[in-house]
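J.: Residue numbers (our numbering): 24 to 560. Shown below is the structure under consideration.
Right under this line is the structure:
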């Protein structure tokens, strides 16, 4: 069994080198070629002087170079940091600076968008560019000229040919990745995952999905999302094929399902909503073996419609959090009886439901979900305070065990029925869950205030039939400015990715309500607007 995340590739590459690892744009990449590229990238990074556990960021769409860079960083003994390709330059620059990235892999266009931000990324020494450069005159992918006092620029293809370094020694408890996720306050924070976390998660999920080398998994979710990244690790753990897909429309994904003869599809509720509204070729039913949902509860009518369209595909309803990868799943044979359940703990994990004092709740008594086991992350990057809030000693440990075991305290309220099945109740914090993403209200508010159009504002989420939650902003206009929703939304679109742009702006003439601590009370505002997007009838 593989111990390190990049080793998931090597067994298949050795025993079945011509088996296809990746499909992309109609082309196929065998495991042997992918491993060759992973090794070459690893040696190139070492040759550039990267040390053990240095961070390598990958800001690309889904393509073979993305996969080679992610697993090559792990092979080198470094830490990969995938950045969602839809993020704006400012959000990407925050990640680069926050975890002291030394090497960035991206496209020339994205690099140019960082022109005003990279000087603040003091540790960034190297940028590896994928694709043809605008500055190139010979059609090659040679990089643009390096800026004075800026990081050295390299072409990805040249790096693969020039690598000669020896990878650093790595063990399974070492850092492998930092995945950035938003909380209810402040900018996104980095969840630190070890090799052990990722490999244990891959084997656990592959076991209950019953993945085999014959599976062809369509990767439609961002690889910066733990759920999206797991499509790679789970497939590679059994020698299956992943088809990388960057879709513009949901109909593109439907065509890819049929064209690529996909056997497994993972998505979040907003995408499932779009897919369910389309016509599905009957031929998809001949090969689609299962589909999975996470990133938010699957509405019961939507689940029923998907099952009608895919009668031969088994549904796996899952719950997870980046801090522990995946926590629960509902077995397909239980979906008919309890379609609203989160299921039970995945293999090699234990889920507790506890009261505030750490004691375990009784049947159907609401409590906080606590996850223990090999998937519990190493904490938040360079943030002791937030780590101490979320990663805490497991309740009820034996006093004889003097080194405490730490678990993830999710902040989510759930209940467990008499048969042990879990049900989601609510979220404790004010984090917004929209389109499968977790969004910080503070990060939205920062852009709103920057517009200069508001005196004060609050962002929050309200229930939405397709998004999970829609982002709503309540604002008081700044002195000398009219209440202009179009202008404020335009400012948000300029500074935020689409999924973080508010769906609605409500203007008020008086100051926003405060709580006992003098802070704007988002809960009151959200409660007053909870039915904004309710479906009538």
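Yeah, the Cβ is synthetic: ideal placement off N, Cα and C, and Gly gets one too.
Taking the straight line between their C-alpha atoms, what separation do you get for residue 101 and residue 77?
T.: One C-alpha to the other measures close to 5 Å.
J.: Would you call residue 487 buried or exposed, if buried means 16 or more other Cβ atoms sit within 10 Å of its Cβ?
T.: buried
J.: Can you give me the Cβ contacts of residue 87 inside the same chain, cut-off strictly under 6 Å, excluding the 5 residues immediately before and after it?
T.: 45, 47, 52
J.: Mapping DSSP to helix, strand and coil, what is residue 516?
T.: helix
J.: Taking residue 202 and residue 345 to be in contact with their CB atoms under 8 Å, please state how far apart those CB atoms are, rounded to whole angstroms.
T.: 6 Å
J.: Pick out whichever of 173, 186, 311, 222 has its Cα sitting closest to the Cα of residue 239.
T.: 311
J.: From what residue to what residue does the alpha helix (DSSP H) around residue 68 run?
T.: Element bounds for residue 68: 54–70.
J.: Run the CB neighbour count on residue 29, radius 10 Å, all protein chains shown included, and call it buried at 16 or more, exposed below.
T.: Buried, since its Cβ has 16 or more Cβ neighbours within 10 Å.
J.: For residue 36, which residues of its own chain have a beta-carbon under 6 Å away from its beta-carbon, when the five flanking residues on both sides are left out?
T.: 54, 55, 58
J.: For residue 526, collect the residues of the same chain with a Cβ closer than 7 Å to its Cβ; drop the 5 residues on either side in sequence, then sort them by chain order.
T.: 493, 494, 495
J.: Specify, as a first and last residue, the run of the beta strand (DSSP E) that residue 500 falls within.
T.: Per DSSP, the continuous beta strand (DSSP E) segment holding residue 500 begins and ends at 491–500.
J.: At which residue ranges does the region 302–375 contain complete alpha helix (DSSP H) runs of 4 or more residues, listed in the order of the chain?
T.: 323–332
J.: To the nearest angstrom, report how far apart residue 214 and residue 433 are at their CA atoms.
T.: The alpha-carbon atoms of residue 214 and residue 433 are separated by roughly 13 Å.
J.: Assuming the contact rule is C-beta atoms closer than 8 Å, residue 398 and residue 372 should be a hit. Round their C-beta distance to whole Å, please.
T.: With a Cβ gap of about 6 Å, residue 398 and residue 372 count as contacting.
J.: I want to know whether the region 216–223 touches the region 391–411 - three or more CB-CB distances under 8 Å.
T.: yes
J.: Rounding to the nearest angstrom, what Cα-Cα distance links residue 289 and residue 255 in this structure?
T.: 12 Å
J.: Is the Cβ-Cβ distance between residue 178 and residue 147 less than 7 Å?
T.: no
J.: Apart from the five residues just before and just after residue 508, which ones in its own chain have a Cβ nearer than 7 Å to its Cβ?
T.: 528
J.: Thinking just about the alpha-carbon of each residue, which of 269, 379, 314 is nearest to the one in residue 358?
T.: 314
J.: Could you tell me the boundaries of the beta strand (DSSP E) in which residue 199 lies?
T.: Counting along the chain, the beta strand (DSSP E) containing residue 199 begins and ends at 198–204.
J.: Give every residue of the same chain whose Cβ lies closer than 6 Å to the Cβ of residue 96, excluding the five residues on either side of it in the sequence, and list them in chain order.
T.: 79, 103
J.: With DSSP as the reference, label residue 467 as helix, strand or coil.
T.: helix
J.: Secondary structure at residue 233, three-state DSSP: helix, strand or coil?
T.: DSSP places residue 233 outside both helix and strand once states are collapsed to three, so it counts as coil.
J.: Which first and last residues belong to the alpha helix (DSSP H) in which residue 484 is found?
T.: Element bounds for residue 484: not the alpha helix (DSSP H) but the beta strand (DSSP E), 477–487.
J.: Terminal residues of the continuous alpha helix (DSSP H) containing residue 413?
T.: Unbroken alpha helix (DSSP H) run through residue 413: 407–413.
J.: Taking the Cβ atom as the reference point for each residue, do residue 561 and residue 250 lie within a distance shorter than 7 Å?
T.: A query on residue 561 cannot be resolved here, the shown segment of the chain reaching from 24 to 560 and no further.
J.: Compare the Cα-Cα distances from residue 66 to each of 172, 190, 544, 27 and report the closest residue.
T.: 190
J.: Just tell me which of 276, 184, 233, 470 has its CA closest to the CA of residue 510.
T.: 470
J.: With a 10 Å radius around its C-beta and 16 neighbouring C-beta atoms as the bar for buried, classify residue 301 as buried or exposed.
T.: exposed
J.: Mind checking residue 546: buried by the 16 CB within 10 Å criterion, or exposed?
T.: exposed
J.: Within 10 angstroms of its Cβ, does residue 235 collect 16 or more other Cβ (buried), or is it exposed?
T.: exposed
J.: Hey, quick one: how far does the beta strand (DSSP E) through residue 141 stretch, first residue to last?
T.: Segment: none, residue 141 is in no beta strand (DSSP E) and carries neither H nor E.
J.: Per DSSP, what are the beta-bridge partners of residue 390 in this structure?
T.: 437.
J.: So the beta strand (DSSP E) residue 270 belongs to, where does it begin and stop?
T.: Element bounds for residue 270: n/a, residue is neither H nor E.
J.: When DSSP labels each residue in this structure, what does residue 151 get in the three-state scheme?
T.: strand
J.: Span of the alpha helix (DSSP H) holding residue 95?
T.: Taken as a continuous stretch (DSSP letters only), the alpha helix (DSSP H) holding residue 95 covers 87–99.
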